[in-house]
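At position 77 of the sequence shown (counting the first as 1) the number is 76 in numbering that gives the first Met the number 0, and the numbers step up by one without a gap. Built from N, CA and C at the ideal position, the CB exists for glycine as well. Some notes on the structure that comes next.
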Amino acid sequence: MKRQRAGDLRRAFDARGVFVFVMTPFRMTKDRRGQYEVDLEGVERNIRHFSRVEGEKVMVVCGGSGEFHSLSPSEVIAVAQAAVAGAGGRCKVVCGIGGPTKNAVQMAVGAQEAGCDAVLVMPHDPVVGRGEKAIWAHHLSISKAVGIGLMPFRAPKQLLSIDLVRRLSGVQNVVAIKEESGAVDWVRTGVRVTCGGVPFITGGSENMIPYYYLAGAVGFTTGMANLTLPQSAQLHGAAIRKDWDRAMAWRDYFEPLTEMRRELGTPMLKGGLEMMGLAGGPVRATGAVLDAAGRRRVGKMMKEKGLL
0 MKRQRAGDLR RAFDARGVFV FVMTPFRMTK DRRGQYEVDL EGVERNIRHF SRVEGEKVMV
60 VCGGSGEFHS LSPSEVIAVA QAAVAGAGGR CKVVCGIGGP TKNAVQMAVG AQEAGCDAVL
120 VMPHDPVVGR GEKAIWAHHL SISKAVGIGL MPFRAPKQLL SIDLVRRLSG VQNVVAIKEE
180 SGAVDWVRTG VRVTCGGVPF ITGGSENMIP YYYLAGAVGF TTGMANLTLP QSAQLHGAAI
240 RKDWDRAMAW RDYFEPLTEM RRELGTPMLK GGLEMMGLAG GPVRATGAVL DAAGRRRVGK
300 MMKEKGLL
């Protein structure tokens, strides 16, 4: 396998933009295990739609919003294949992977074979519980198995220390660090300690983006962009240009949408996708769908925001 230096692969990946945490659509029919079936045609169709939106963007499948923990390893790879087909080379595709190290490595290899540009390493509780030495070994094993990008994930359950981030920044295929613990100042420290050598992308909703970008982030992850990708791309563009007045105006645009998502959860986004003519379906683990009253509320909000 041909390996690249960290700087080379990072420049090629260019971790700027809106990282859309794509919903995994499911059908209302169930498989032989009694689980809602993955709608692979819907995955491809949704990604095709997103990939044609203007602006800097990356599609992330099988992440938290993509219900990673309800998918089998083979389903993760099937979703990755469908996503790559839908993207058609118009944007990068990242696939969430995780579980025990052996499983994570197998999924990473499968994602690479599917044509993904990088993998996002979802925290795995037993690894996290053994401390940072185990987290380092886990990521290093995945890194050595593939030649595509790797994105470590700093989350409330996996608070990567600055020392560990400094070590990870030296791994040749770590193309970005994802921060989703809500620690804005930590991002600034990370940028400073790594001398800007590794990009930071952040979560926490569009409401927080101006603050994170001021601290040095260059991209952000978002489930809301399943409904608002053109507007999310405008927010990113303003923030990356340091046009703070415009960025804050977009932040204010998103505030009521963010509040509604906090109340209604994933069914809001899946129901919204369906109103846009895209694939949504139930939440696999619970069967939850947006009820009639919720659809009226979400539809009204989307019309007010120019999304329908």
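Taking the C-alpha atoms as reference points, what is the distance between residue i and residue j?
i	j	result
V190	A14	14 angstroms
R260	V83	28 angstroms
D251	R32	44 angstroms
K269	P24	8 angstroms
N124	I176	Checking the displayed sequence, the identity of residue 124 turns out to be Asp instead of Asn. Their Cα atoms are separated by approximately 19 angstroms.
G305	D184	34 angstroms
Q105	H137	13 angstroms
P198	L167	12 angstroms
L226	E303	13 angstroms
R283	V75	14 angstroms
N172	P72	22 angstroms
V78	S231	24 angstroms
V192	D244	29 angstroms
F67	T265	13 angstroms
L70	P99	15 angstroms
D290	K241	40 angstroms
L139	G97	13 angstroms
A133	G276	44 angstroms
A248	S204	15 angstroms
G169	L263	41 angstroms
S142	I200	19 angstroms
E131	R165	13 angstroms
T285	M22	15 angstroms
A182	L158	10 angstroms
L163	W135	7 angstroms
Helix, strand or coil for residue i? Go by DSSP, reduced to three states.
i	result
M275	coil
P46	The question names Pro, but residue 46 in the sequence shown is Ile. Three-state result, I46: helix.
E36	strand
A14	coil
M22	coil
K132	helix
R295	helix
L8	helix
L149	strand
K302	helix
K156	coil
K241	coil
Using a Cβ-Cβ cutoff of less than 8 angstroms, which residues in the same chain neighbour residue i once the five nearest sequence positions on both sides are dropped?
i	result
M274	R294, V297, G298, M301, L307
G195	G215
C90	F49, S50, K56, V57, M58
For residue i, I'd like the list of residues in its chain whose CB is within less than 6 angstroms of its CB, leaving aside the five on either flank, ordered along the chain.
i	result
G85	E43, I46, R47
R9	V174
M0	With a pLDDT of 47 at M0, under the threshold of 50, the predicted position of this residue should be treated as unreliable, and no value is reported.
A238	I208, P209, Y212, A246
V17	K56, A224, S231, A232, H235
G202	E179, T220
G95	C61, G62, F67, L119, M121
G218	A14, R15, G16, F18, I200
Just tell me which of the options has its CA closest to the CA of residue i.
i	options	result
L149	T221, A110, K156	A110
V288	E303, K304, M267	M267
R129	A81, K156, V183, V108	K156
V92	A246, F12, P151	F12
F152	V52, S140, V127	V127
A144	I134, K241, N102, A133	N102
E53	L228, A292, T285, A248	L228
G88	A107, T285, D116, G95	D116
Looking only at its own chain, which residues have a Cβ that is under 7 angstroms from the Cβ of residue i, when we skip the five neighbours before and after it?
i	result
K29	Y35, E36
A154	P122, E179, S180
F20	V59, G62, G63, S64, G65, T220, T221, G222
G281	It is Pro, not Gly, that sits at residue 281 in the sequence shown. Closer than 7 angstroms at Cβ, skipping near neighbours: F25, M27, Y35, A287, V288.
A278	P24, D38, G41, R44, N45, L272
R187	A214, G215
N206	R250, F253, E254, T257
I161	T188, G189, V192
Q80	A113
G6	none
V108	A144, V145
| field | Contiguous alpha helix (DSSP H) assignments of at least 4 residues, all confined to the region 47-126 | value | 72-86, 100-113
| query | Which whole runs of the beta strand (DSSP E) in the region 246-293 are 3 residues long or more, in chain order? | reply | none
| Curious, which full-length alpha helix (DSSP H) runs of at least 4 residues does the region 163-233 contain? | 183-192, 208-214
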